[in-house]
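The sequence shown begins at 0 in numbering that gives the first Met the number 0 and counts up by one.
Ideal Cβ placement from N, Cα and C applies to all residues, glycine included.
Being a predicted model, the structure only gives us computed values, none of them experimental.
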Amino acid sequence: MESFQWLINLFTNTESVAHIAILYAVVIAVGVYLGKIKIFGISLGVTFVLFTGIVAGHIGFTAPTDILTFIQDFGLILFVFMIGLQVGPGFFESFGTAGIKLNGLAATAILLNIAVMFACYFIFFDTSDKASLPMMVGTLYGAVTNTPGLGAANEALGTVFGDNAPPIASAYACAYPLGVLGIIGAIILIRYICKVKLEKEESDLEAKEDGNVAKKPHHMHLEVSNKYLEGRTLLQVHDFLNRDFVVSRILHEGHVSIPNRDTVFHVGDQMYIVCAEADYEAIVAFIGPVVEVDWAQQDQPLVSKRILVTNPKINGKTLGQMHFSSVHGVNVTRFTRHGMDLFASASLPLQVGDRLMVVGPQDAVDRVANLMGNSVRRLDAPNIATIFVGIFLGLIFGSLPIAIPGMPVPMKLGLAGGPLIIAILIGRYGYKIKLVTYTSTSANMMLREIGLVLFLASVGIKAGASFFETVVQGDGLLYVLTGFLITVIPILIVGPIARLKFKFNYFTIAGMIAGTYTDPPALAYANSICSKDAPAVGYSTVYPLSMFLRILTAQLVVLFFCG
0 MESFQWLINL FTNTESVAHI AILYAVVIAV GVYLGKIKIF GISLGVTFVL FTGIVAGHIG
60 FTAPTDILTF IQDFGLILFV FMIGLQVGPG FFESFGTAGI KLNGLAATAI LLNIAVMFAC
120 YFIFFDTSDK ASLPMMVGTL YGAVTNTPGL GAANEALGTV FGDNAPPIAS AYACAYPLGV
180 LGIIGAIILI RYICKVKLEK EESDLEAKED GNVAKKPHHM HLEVSNKYLE GRTLLQVHDF
240 LNRDFVVSRI LHEGHVSIPN RDTVFHVGDQ MYIVCAEADY EAIVAFIGPV VEVDWAQQDQ
300 PLVSKRILVT NPKINGKTLG QMHFSSVHGV NVTRFTRHGM DLFASASLPL QVGDRLMVVG
360 PQDAVDRVAN LMGNSVRRLD APNIATIFVG IFLGLIFGSL PIAIPGMPVP MKLGLAGGPL
420 IIAILIGRYG YKIKLVTYTS TSANMMLREI GLVLFLASVG IKAGASFFET VVQGDGLLYV
480 LTGFLITVIP ILIVGPIARL KFKFNYFTIA GMIAGTYTDP PALAYANSIC SKDAPAVGYS
540 TVYPLSMFLR ILTAQLVVLF FCG
């Protein structure tokens, strides 16, 4: 037995670094594997790490509280910061006409979640018990499957109660599983309430896609037939037509060249033009008809090449500032950002990670490639400095006290809200202060998931000691019931309004609901019943604001009502 004492110590000596590392390795690995098990086609994913941590804490497989708290808070910071960095580029663009309506519906659902929580609190619980309302806050965030909100509420409770904060993770764990099922079930129920036919919704999306051509690039060969254009320069034609287009090459009297702003148009010239699809008909009507062109007559070979922007010095410069045609003798016909091909407007600010389609002589294209960086290897390494500069600024911003009348202590955006807001701003405007914010999708996902599992494991281990007493002997079933009501009632109010009043497509509504509840399983269900990207668009449109409001309202509710 003594020969195995080292192994026993490894699992029982809670002060040992090796013990703490083994604790997290076991809890996270077991939780992730169990989270892959599907019941009725639905899995809880990495959230199962929370339940594994609860079991570990309950059987005494734990670590010092201060260590658990540090890892919990650091994981939360890393998780929300990487979310903000990802959604930042599209956050402000999501507030278009339809985006404002969708975000308004999402905000309404969030307020209804809180309203239903308070209604359940006054109906089912003893309001004289100071722990009842905090536990309902935990139930709320389990019901809406929002882990960062739980973190923000936990932090705010620490400000109010100190070390005696109620174990709200127990209520969160009670409400979470039925929250996931309730979101998907309510989405299905909306389909029958509003008498939706999935085939018609799909065909409506196809019709809408055919008409939505605003920014997609369109390629065509035209011959100049408008006599007004004789002797006019490309810049004059561009200004008169007042449409964005790029002429990547021009055939004049048997010679092919790369045009620039001073290139003169002549009747009979043939050219290769790229424009936004919405401008296609106007450009053809003004310049001339579409023709077939043999580019083999060129004086020197022209090549088309995709070039990757990896040079940090290029970050933030617009296409117009780069003077590609006049200085470098090439034209940029389109660019790809976040997997989307878009028309290359002169006012577009370049960012590290963009891919440009460049047309010109081989040597000129190669020079531009060297200028842009064009090194995939550079993108493989995440910009660690940017991440930690952002976290530093986020923590300072989150620590600023904001005095609000009626609140017992000043509100702070805290470890979750501060980094989230700074990450969104850096993701959108970082190029203006020369911060390279590009992080590959896989790197972002890895850092985000590491932060999330560290947070969930820590919360679960800390809650495990009192979980079964709280749930089995306490109000566990009430947390499950009230959590289900908090989940379902707002969806059944907002969903039909979105459909019947605002006439949104059912798949967009499903994505919007999944985004409002920041719930990937619900998005996965919506994607499984739709071949288009409408659910993903609805999800991404409301996700940034919803995440921000979930974190903010968590602190507001705790500081206003739990003090």
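Fill in: For G303, three-class secondary structure by DSSP
The sequence shown places Ser at residue 303, rather than the Gly named in the question. In the three-state reduction of the DSSP assignment, S303 falls in the strand class, which pools E and B.
Item to complete: Find the nearest neighbour of P543 within the set I421, V557, I488, A497, judged by alpha-carbon distance.
Response: I421
Item to complete: Within 10 angstroms of the Cβ of H217, are there 16 or more other Cβ atoms? Answer buried if so, exposed if not.
Response: Counting Cβ neighbours within 10 Å, H217 comes out buried, since at least 16 surround it.
Item to complete: Please confirm whether V136 and L484 have their CB atoms less than 7 Å apart.
Response: Their beta carbons are not under 7 Å apart, which means V136 does not touch L484 by this criterion.
Worksheet item: When we look at the beta-carbon of I122 and count the other beta-carbons within 10 Å, is it buried (16 or more) or exposed?
Response: exposed
Worksheet item: Helix, strand or coil for F264 per DSSP?
Response: The answer is coil: DSSP assigns F264 none of H, G, I, E or B.
Worksheet item: So what does DSSP say about L173, is it helix, strand or coil?
Response: Position check: residue 173 holds Cys in this sequence, whereas Leu was assumed. Looking at C173 - three-state DSSP - the assignment turns out to be helix.
Worksheet entry | Buried versus exposed call for S247 [16 or more other C-beta atoms within 10 Å across all chains shown] | buried
Practice prompt. Could you work out which residue in G328, N225, R260, R305 is closest to D268 when comparing CA atoms only?
Written response: N225
Discussion item. Please identify the residue among V435, Y538, K411 whose C-alpha is closest to the C-alpha of P157.
Written reply: The sequence as given places Gly at residue 157; Pro does not occur at that position. The residue among V435, Y538, K411 with its C-alpha nearest the C-alpha of G157 is K411.
Worksheet item: What first and last residue would you give for the beta strand (DSSP E) that runs through E14?
Response: It is not in any beta strand (DSSP E) - E14 carries neither H nor E in the DSSP assignment.
Discussion item. By DSSP's criteria, Y271 is part of a beta bridge. Which residues make up the other side?
Written reply: H220, R248
Practice prompt. Could you name the residues of the same chain whose beta carbon sits closer than 8 Å to that of T64, not counting the 5 residues immediately before and after it, in chain order?
Written response: Excluding positions up to five away in sequence, the list reads K461.
Discussion item. Is it buried or exposed, E468, if we count other Cβ atoms within 10 angstroms and call 16 or more buried?
Written reply: exposed
Worksheet item: In three-state DSSP terms, what is L558?
Response: helix
Worksheet entry | Distance between beta carbons of G359 and G328, contact taken as under 8 Å | That belief holds up - the Cβ atoms of G328 and G359 are roughly 6 Å apart, short of 8 Å.
Worksheet item: The beta strand (DSSP E) spanning P360 covers which residue range?
Response: 354-360
Worksheet item: Secondary structure at R549, three-state DSSP: helix, strand or coil?
Response: R549 falls in the helix class under three-state DSSP.
Worksheet entry | According to DSSP, residues forming a beta bridge with N330 | Answer is V358.
Worksheet item: By DSSP, does H254 sit in helix, in strand, or in coil?
Response: strand
Discussion item. Within a Cβ cutoff of 7 Å, which residues of the same chain sit near G482, ignoring the five residues on either side of it in sequence?
Written reply: T138, G141, A142, C173, A174, L177, G178
Item to complete: Using the DSSP secondary-structure output, state which residues sit across from V289 in a beta bridge.
Response: The secondary-structure analysis by DSSP pairs V289 across a beta bridge with L221.
Worksheet entry | Alpha-carbon to alpha-carbon, Y430 and V388 | Going from the Cα of V388 to the Cα of Y430 covers about 14 Å.
Worksheet item: Roughly how many whole angstroms lie between the Cα atoms of F10 and Y478?
Response: 33 Å
Discussion item. Does the region 531-538 come into contact with the region 500-512, if we say contact requires no fewer than three beta-carbon pairs (one atom in each stretch) closer than 8 Å?
Written reply: yes
Practice prompt. Have a look at the DSSP bridge pairing and note the partners of I187.
Written response: DSSP output for I187 lists no bridge partner at all.
Worksheet item: Between I306 and A363, which are expected to be in contact by the criterion C-beta below 8 Å, what is the C-beta distance as a whole number of angstroms?
Response: That belief does not hold up - the Cβ atoms of I306 and A363 are roughly 12 Å apart, past 8 Å.
Worksheet entry | G397 versus T332: straight-line alpha-carbon distance, rounded | 43 Å
Worksheet item: Taking buried to mean at least 16 other C-beta atoms within 10 Å of its own C-beta, is E14 buried or exposed?
Response: exposed
Worksheet item: Terminal residues of the continuous alpha helix (DSSP H) containing V493?
Response: 475-499
Item to complete: Provide the residue span of the alpha helix (DSSP H) that contains I512, from first to last.
Response: Note, I512: alpha helix (DSSP H), 505-515.
Worksheet item: If L455 and V25 are in contact, beta carbons under 8 Å, what's the gap, nearest whole angstrom?
Response: So it is not a contact: roughly 14 Å between Cβ atoms.
Discussion item. Considering only DSSP beta bridges, list what T232 is partnered with.
Written reply: V263
Discussion item. Spatial neighbours of K37 within its chain, please: C-beta separation below 6 Å, excluding the five flanking residues on both sides.
Written reply: none
Worksheet item: Quick one: what's got a C-beta closer than 8 Å to S324's C-beta in the same chain, skipping five residues either side?
Response: I257, P258, N259, R260, N330
Fill in: Cutoff 6 Å; reference Y579; Cβ partners in own chain excluding five residues on either side
With the chain covering 0 to 562 only, the question about residue 579 has no answer from this structure.
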